[in-house]
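Numbering (the working numbering), first residue to last: 105 to 417.
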C-alpha cells in the first residue's frame with residue numbers, strides 16, 4: 105500500500121510540474137508574443153513546425169521528452185499565428201504558394217523538403233502530419249480563400265523503418281513519440297491525403313505530390329504510397345521492436361515506458377529484462393531586421409492590432 109501511495113504522489117508531482125511549465129510558457133507568450141514570432145522566423149524561416157517552435161522556450165529545452173506536451177499550446181499558437189499572417193499578406197514574386205507537408209511521425213518530411221527545395225518556391229510551408237482530415241481541409245480552404253495556390257507533399261515511409269529513426273531522435277533530442285501516436289499518425293496522414301486528393305482533384309490551384317522515403321532513398325511516387333495497410337500487424341511488430349531495442353540496451357528505461365505507453369493488447373507492468381541485467385507589448389526589432397525576415401521567409405512578422413490567432417489560456 106505504501107508503494108502505491110508513493111507512486112500516486114510522484115504522479116501528482118509530475119502533473120503539477122508539467123502544469124507549471126504549461127502556465128509559464130503561456131505567460132511568457134502573453135507578455136511578448138512578437139518576440140517569439142520574430143525569433144521563430146529568424147531561426148527557421150518560412151517552414152512552420154510546432155516542434156521547432158517548442159525549442160524557443162528554455163523550459164522545453166531542459167527536458168524535451170518531459171515537457172513537450174506542456175509547451176504544446178504555446179508552440180502551436182506560434183505556428184498557427186505565423187501561418188495566418190502569411191495568408192494575410194502578399195507573397196514575394198513567384199512564391200504565392202502554400203505547401204502542406206503530410207506524413208506520419210519520422211516519415212522523413214524534412215528530407216523531402218530538402219530534396220525538393222520547395223520551401224524556396226513557397227510563401228510558407230506548414231509542416232505537420234496532416235493526420236486530422238477536418239483540420240487539414242480547413243487549412244487548405246483558408247489558403248485557397250486567401251488566393252494562394254496549394255501543394256500537398258505526402259511522404260511515405262514504412263512504420264518499421266520510421267521507428268528506428270524515431271528511437272534515435274528520442275535518445276539524442278528527447279523527443280519521444282508513443283507507438284500509438286506513430287501508428288495513428290501514419291494511418292491518419294494516409295487517409296487524409298486520400299480523401300483530400302479526391303476532394304480537390306478538379307481544382308487547378310491544388311496539386312499533390314507523393315514521395316517514397318524508404319530505405320532505397322527518397323523518390324517521387326503516386327497516390328498508391330498512401331494505400332491502406334494492416335496497421336494492427338504493424339503495431340504488433342513495433343512493440344516487438346521496442347522490446348528488442350530495450351533488451352539490447354539501446355534505449356533507456358524511461359524512453360521505453362514513454363514510447364510503449366498505451367494498450368498493446370497484453371500490457372506489461374514491467375519491461376522485459378535486459379541481457380546481463382535483471383531489471384504583451386510588440387518587440388519586432390528594427391525596421392531593417394523586419395524587412396530582412398519578411399523578404400527571406402515570405403511571412404510577415406509585423407503585428408496586427410489583434411493577433412489573428414487567439415493566445416492560449
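All C-beta atoms in this analysis are idealised placements derived from N, C-alpha and C, irrespective of residue type, glycine included.
Is it true that the CB of residue 355 sits closer than 8 Å to the CB of residue 283?
no
I'd like the list of long-range same chain contacts for residue 202, defined as Cβ closer than 6 Å, with 5 residues on each side in sequence excluded.
228, 247, 252, 254
In angstroms, rounded to a whole number, what distance separates the CA positions of residue 423 and residue 322?
The requested residue 423 does not occur in the structure, where the chain is confined to residues 105 to 417.
DSSP three-state assignment for residue 311, whether helix, strand or coil:
strand
Between the Cα of residue 311 and those of 258, 153, 149, spot the shortest distance and give me the residue it belongs to.
258
Contacting residues, own chain, Cβ-Cβ under 7 Å from residue 326 (five flanking each side not counted)
The beta carbon of residue 326 lies closer than 7 Å to those of 314 in the same chain, with the five residues before and after it left out.
Could you spell out where the beta strand (DSSP E) holding residue 206 opens and where it closes?
201-206
What are the boundary residues of the beta strand (DSSP E) that residue 255 is part of?
253-260
Bridge partners of residue 297, per DSSP?
Answer by DSSP bridge pairing: none, since residue 297 is not bridged.
Is it true that the CB of residue 360 sits closer than 8 Å to the CB of residue 287?
no
Residue 266 to residue 171, Cα distance in whole Å?
23 Å
Endpoints, alpha helix (DSSP H) assigned at residue 219:
213-220
Within 10 Å of its beta-carbon, does residue 123 have 16 or more other beta-carbons around it, so buried, or fewer, so exposed?
exposed
Among 352, 290, 324, which residue has its Cα nearest to the Cα of residue 339?
290
How would you label residue 260, buried or exposed, when you count the other beta carbons within 10 angstroms and need 16 or more for buried?
buried
Among 250, 146, 155, 178, whose alpha-carbon lies nearest the alpha-carbon of residue 128?
178
Which of helix, strand or coil does DSSP assign to residue 193?
coil
So residue 230 is in the beta strand (DSSP E); what residue range does that whole segment cover?
228-231
Please say whether residue 297 and residue 218 have beta carbons closer to each other than 8 Å?
no
So, residue 278 versus residue 167, is the Cβ gap smaller than 8 Å?
yes
Residue environment, residue 392, which counts as buried when at least 16 other CB atoms sit within 10 Å:
In this predicted model, residue 392 has a pLDDT of only 34, less than 50, meaning its place in the structure is not dependable; the value taken from the coordinates is given anyway. Exposed, since its Cβ has fewer than 16 Cβ neighbours within 10 Å.
Residue 306 in three-state terms, based on DSSP
coil
Compute the distance between the beta-carbons of residue 250 and residue 300, then report whether it is under 8 Å.
no
Local conformation of residue 337 per DSSP, three classes:
helix
Within its chain, find whatever has a CB closer than 6 Å to the CB of residue 292; leave out the 5 residues flanking it on each side and keep chain order.
235
DSSP puts residue 322 in a beta bridge; with which residues?
317
When burial is assigned at 16 or more other CB atoms within 10 Å of the CB, is residue 221 buried or exposed?
Around the beta-carbon of residue 221, fewer than 16 other beta-carbon atoms lie within 10 Å, marking it exposed.
Could you check the C-alpha separation between residue 231 and residue 121 for me, to the nearest Å?
29 Å
Just curious, the alpha helix (DSSP H) that residue 75 is in, first and last residue?
A query on residue 75 cannot be resolved here, the shown segment of the chain reaching from 105 to 417 and no further.
Which of helix, strand or coil does DSSP assign to residue 123?
helix
With distances taken Cα to Cα, identify the nearest neighbour of residue 161 among 149, 137, 151, 216.
Answer by Cα proximity: 137.
Could you pull out every residue in the same chain whose Cβ sits closer than 7 Å to the Cβ of residue 280, ignoring the five residues on either side in sequence?
169, 274, 359, 362, 363
Rank 216, 242, 238 by C-alpha distance to the C-alpha of residue 188 and give the top, closest one.
242
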